[in-house]
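A.B. asks:
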Amino acid sequence: MRSKKLDTLIYVYMELADALGKLNSPELEPLLNSWPLSLGSG
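Residue numbers (this note's numbering): -8 to 33.
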């Protein structure tokens, strides 16, 4: 069972990834592609 703190942190990372994805920056693509894998949601 995950903690509420962890769920909140994951939500914040996903919101940040969404905002950064809107920048359409090729430099950010590797980072944005790795987050779902790192967070276990991809």
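Even for Gly, the Cβ is constructed at its ideal location relative to N, Cα and C.
Taking just the CA atoms, how far does L30 sit from L(-3)?
C.D. replies: Rounded to the nearest angstrom, the two C-alpha atoms are 10 Å apart.
A.B. asks: Look at L23 and A10 and say whether their C-beta atoms are less than 8 Å apart.
C.D. replies: No, the Cβ-Cβ distance between L23 and A10 is not below 8 Å.
A.B. asks: Can you tell me whether DSSP reads L0 as helix, strand or coil?
C.D. replies: Three-state DSSP puts L0 in a helix.
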